[in-house]
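So that you can map any letter, position 168 of the sequence shown is 299 in this note's numbering, and since no number is skipped, the others follow by simple counting. Every residue gets a Cβ at the ideal spot worked out from N, C-alpha and C, and that includes glycine. Quick caveat: nothing in here was measured; it's all calculated off a predicted structure. The structure under discussion appears below in the form of structure tokens.
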Amino acid sequence: MAKIAKFGFFMVLIFIVAVAGCTKAPVQKPADKAAETGLQADDSMKQFSSAKEVIEFLEKNQVSGNFYGGFNGGIMMRQTAVMEAAMDSGAKIAAPSAAPSAGADDYSQTNVQVGGVDEADFVKNDGKYIYTLSGNKLVIVNAYPAEDAEILSETEIKGRPRDMFVSGDKLVVMVEGDDQVLGISEYDFVPRPRYAQKTHAFVFDISDRENPAVEKDFDVSGYYYESRMIGNYVYFIAKESVYYFSNYVDMPAVREGGKVIASPSVFYFPRPFSSYSFHTIAALNLQDMEINAESFMLGESSTLYVSENNMYIAYQNNPPYTYYETHNRDRFFEVVLPLLPSDTRNNINAINNDDSLDQYEKWQQISRTLEGMYNSMNENEKERLVERIQGAVEDYELKLEQERRKTIIHRISVNKGEIEHEADGEVPGYLLNQFSMDEKNGNLRVATTTYVYARESTMYNNVFVLDSDMDVIGKLEDIAPEERIYSARFIGDRLYMVTFKNVDPFFVIGLSDPSNPEILGKLKIPGFSNYLHPYDENTIIGIGKETEGNEWGGVSTRGVKLALFDVSDVSNPKQLNKYEIGEQGSDSEALNDHKAFLFDKEKNILVIPVREVKGRYYDSKYGYYRNNVWQGAYAFGLSREGGFELKGKITHSENVNDNYYYGGPDAVRRALFMDDVLYTISSKKIMMNDIGSIETINEIKLPYEEIRDYPVPMPLEGVMVR
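Written as structure tokens, this is what we have:
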């Protein structure tokens, strides 16, 4: 009965793959499949000359999911929602701006991936002032000396402020807002609204910290993706799904004060995807307040890495739905048909080449031919044929799945405000985050995890080295089978990488020869690290979760784990020390956001935000057991010899119930220092503690209010449009 079931199932499979279409199709080898389906189409960059060309391209590729309902064509109008900034006065580190007079001699900056490339954050400091976004307000605090700390100004920002940069007396706040776009549908009589996101860069003059003033208001079409500051230039990316209508598409635009000042050139690549987004890259010069922008229509990006000279945008290969229709048809003609008996093969080719038949009629005749073939076979012949076809189909599917599971990477040079696409390439697998990429000596090093599901699921990890033309010049594949990457950090000529399934293999991978990456050593221990940070050239800090085996043969996570790794002997890395915080359910923002991690070796200080779960208690008010939860920051001293030494704990919560929910306004999210004072920041408060004893020096309450920024219906000459 098992054989009959198998045979019947596979017959259904053959019929399904064939019925997708019986058009003329030349027989090609599976190895050529990628080129046939457009997975490796002409990748030379092209430029659209008009919105009409964009629509024609999208319709030709039959992109799904990008049609926005509501109207087809008709009159399009745009009204900008109110977005002005209203004044209400009252590891590697980022390149520091000049410290104001009477500021600290030594102070921390945002923890960034690449030295000299600042990353935006909601907290910045310059050694005297702390700048923070509390709710929808920009708050400037005179923070040094700590004993005299006070709020100098509060500036309300309409919209959704995300993060900011500070450069001398200039401050740039990145804000998300909404445009309301009106359109009259076909045969309708009144404009109907939809909302289009845009990204603002508000440039403040903060030479007078008590009265910051908006100097410029630039905005770019699309929602805020990411940003970097290199020297005097702020580079930010706005992403916008390419929504198109029968005769209209929203094209990227750059505005100043709500007025369009530029329409960026839009570049694209002929490779088809299931959906597209405009990636508009803007370069803002903080000296002359000039802005430059270019837009690239790419697939849905997921990872950004920026060096001092290049921006790398990466995303998964995601073919359009039409690819799968073509794939089903081609699979039958390329894989199944060549394995059939010659007379059956000839009959099917003759039917397929008969232009007098439509697809349905072709399939009716092909299906009868297949039925006749199977009826003429004995059971052994049927079984052997099915096994041959099944094996060939599985091999074919595996090759195609590997092709689909690739990451496409674009290299875009950024030099003093100039933006230029230089090259693009692809590597198997997917990226974890920005730390999966690193540039050195003109080469891009990449760590990926490949997950393929064909005849069975397969998972493994890889390291690739690409040259400036984005061609692979070195690779190391099949690392840690059946595990995935949890963290990666490129430092010099090495990659430190953590994979995990049941234990934590900590890999040291050598990259001194770009053409020949090699595993130098590895260590297997319980737990895993989500973020890796250098302590010195021979020591690495890891932060993640501890684990333990469970009764089902798997593993369960426990508390937050800090680990110190000795890599002086690369062939034999060791764990020098570890520290576990809390129990299962404990967490830290530093696991997912490196900007929440503060470390300074000279100051002997390491600080992370923590939500600690430890034990349970009976809540008589609600009649059930709850976890004991504490939220705040853990401050450690750290050395190779002594490991992690807890200096103290700092909390901003005034009520134990405030700790229960993760990420509330009382949760400490950032820490910084000025000289010997440690500052911890939540949405509601800034606390100042002695960096050695962790004794409280002072605190400031911030004017936090929850952001409630929603689009408002727009009246049109007495008509309220909803």
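Check whether the Cβ atoms of residue i and residue j sit closer than 9 Å, and answer yes or no.
{"i": "Ile650", "j": "Val639", "result": "yes"}
{"i": "Phe775", "j": "Leu654", "result": "no"}
{"i": "Ala384", "j": "Val466", "result": "no"}
{"i": "Ile368", "j": "Ala332", "result": "no"}
{"i": "Val545", "j": "Tyr436", "result": "no"}
{"i": "Ala611", "j": "Pro636", "result": "yes"}
{"i": "Lys537", "j": "Val558", "result": "yes"}
{"i": "Glu250", "j": "Lys726", "result": "yes"}
{"i": "Pro113", "j": "Val701", "result": "Any answer about residue 113 is impossible in this case: the structure gives the chain only from 132 up to 853."}
{"i": "Phe621", "j": "Tyr662", "result": "no"}
{"i": "Gly548", "j": "Glu679", "result": "no"}
{"i": "Lys268", "j": "Glu285", "result": "yes"}
{"i": "Leu642", "j": "Val577", "result": "no"}
{"i": "Pro704", "j": "Glu720", "result": "no"}
{"i": "Thr330", "j": "Val306", "result": "yes"}
{"i": "Gly308", "j": "Arg291", "result": "yes"}
{"i": "Glu553", "j": "Glu425", "result": "no"}
{"i": "Val345", "j": "Arg386", "result": "no"}
{"i": "Arg542", "j": "Asp555", "result": "yes"}
{"i": "Thr589", "j": "Thr581", "result": "yes"}
{"i": "Asp252", "j": "Met805", "result": "no"}
How many angstroms separate the CA atom of residue i from the CA atom of residue j?
{"i": "Thr263", "j": "Val270", "result": "5 Å"}
{"i": "Tyr354", "j": "Phe409", "result": "10 Å"}
{"i": "Val629", "j": "Glu184", "result": "46 Å"}
{"i": "His783", "j": "Leu833", "result": "12 Å"}
{"i": "Gln418", "j": "Ser717", "result": "45 Å"}
{"i": "Asn449", "j": "Asp724", "result": "27 Å"}
{"i": "Ile781", "j": "Tyr765", "result": "7 Å"}
{"i": "Gly205", "j": "Asn423", "result": "Note on Gly205: pLDDT 39, under 50, position unreliable in the model; the coordinate value appears next. Answer to the nearest angstrom: the Cα atoms are 32 Å apart."}
{"i": "Asn681", "j": "Phe631", "result": "16 Å"}
{"i": "Gly742", "j": "Tyr756", "result": "Reading the sequence as shown, one finds Arg at residue 742 and not Gly. Near 18 Å, if we compare the C-alpha coordinates of Tyr756 and Arg742."}
{"i": "Tyr835", "j": "Gly763", "result": "18 Å"}
{"i": "Asp867", "j": "Gln496", "result": "Residue 867 lies beyond the stretch modelled for the chain, which goes from 132 to 853, so this question has no answer here."}
{"i": "Asn735", "j": "Asn256", "result": "20 Å"}
{"i": "Asn459", "j": "Glu528", "result": "10 Å"}
{"i": "Ser405", "j": "Met601", "result": "24 Å"}
{"i": "Tyr710", "j": "Ile672", "result": "11 Å"}
{"i": "Phe296", "j": "Gln533", "result": "41 Å"}
{"i": "Pro657", "j": "Tyr379", "result": "56 Å"}
{"i": "Asp697", "j": "Tyr753", "result": "49 Å"}
{"i": "Val799", "j": "Val744", "result": "15 Å"}
{"i": "Thr670", "j": "Glu837", "result": "42 Å"}
{"i": "Leu809", "j": "Phe659", "result": "29 Å"}
{"i": "Ile282", "j": "Gln240", "result": "20 Å"}
{"i": "Ile261", "j": "Tyr375", "result": "44 Å"}
{"i": "Ala212", "j": "Ile288", "result": "At Ala212 the pLDDT is 37, less than 50, meaning the model places this residue with poor confidence and gives no usable figure here."}
{"i": "Glu431", "j": "Val397", "result": "16 Å"}
{"i": "Arg771", "j": "Val738", "result": "17 Å"}
{"i": "Tyr364", "j": "Val248", "result": "10 Å"}
{"i": "Gly795", "j": "Val321", "result": "43 Å"}
{"i": "Tyr407", "j": "Glu190", "result": "12 Å"}
{"i": "Glu357", "j": "Thr434", "result": "10 Å"}
Which residues share a DSSP beta bridge with residue i?
{"i": "Leu769", "result": "Phe775"}
{"i": "Val467", "result": "Answer is none; Val467 lacks a bridge partner."}
{"i": "Tyr364", "result": "Ile361 and Asn416"}
{"i": "His541", "result": "Ile444 and Asp555"}
{"i": "Ala182", "result": "Answer by DSSP bridge pairing: none, since Ala182 is not bridged."}
{"i": "Glu281", "result": "Asn273"}
{"i": "Glu649", "result": "Gly641"}
{"i": "Ala590", "result": "One point to set straight first is that residue 590 is Met, not Ala, in the sequence displayed. Beta-bridge pairing links Met590 to Tyr582."}
{"i": "Ile736", "result": "Asp731"}
{"i": "Tyr238", "result": "Met805"}
{"i": "Leu435", "result": "Ile444"}
Report yes or no: is there a C-beta of chain B within less than 9 Å of the C-beta of residue i?
{"i": "Asn593", "result": "As a matter of chain content, chain B is missing from the structure shown, which is built from one protein chain."}
- prompt: Is it true that the region 554 to 570 meets the region 437 to 450, where meeting means three or more beta-carbon pairs spaced less than 8 Å apart?
  reply: yes
Complete beta strand (DSSP E) runs within the region 608 to 645 (minimum length 3 residues, chain order): 615 to 622, 625 to 631 and 635 to 641
task: Could you name each continuous beta strand (DSSP E) segment of 3 residues or more that falls completely within the region 497 to 548, going from the start of the chain to the end?
output: 537 to 546
field: Three CB pairs or more closer than 8 Å across the region 335 to 350 and the region 297 to 304
entry: yes
- prompt: Between the region 390 to 406 and the region 507 to 525, do three or more beta carbon pairs fall short of 8 Å?
  reply: no
query: On the three-pair Cβ rule with 8 Å, is the region 275 to 285 touching the region 812 to 828?
result: yes
field: Stretch-stretch touch, CB-based, cutoff 8 Å, three pairs: the region 496 to 508 with the region 470 to 483
entry: Touching, yes, given that three or more Cβ pairs across the two stretches are closer than 8 Å.
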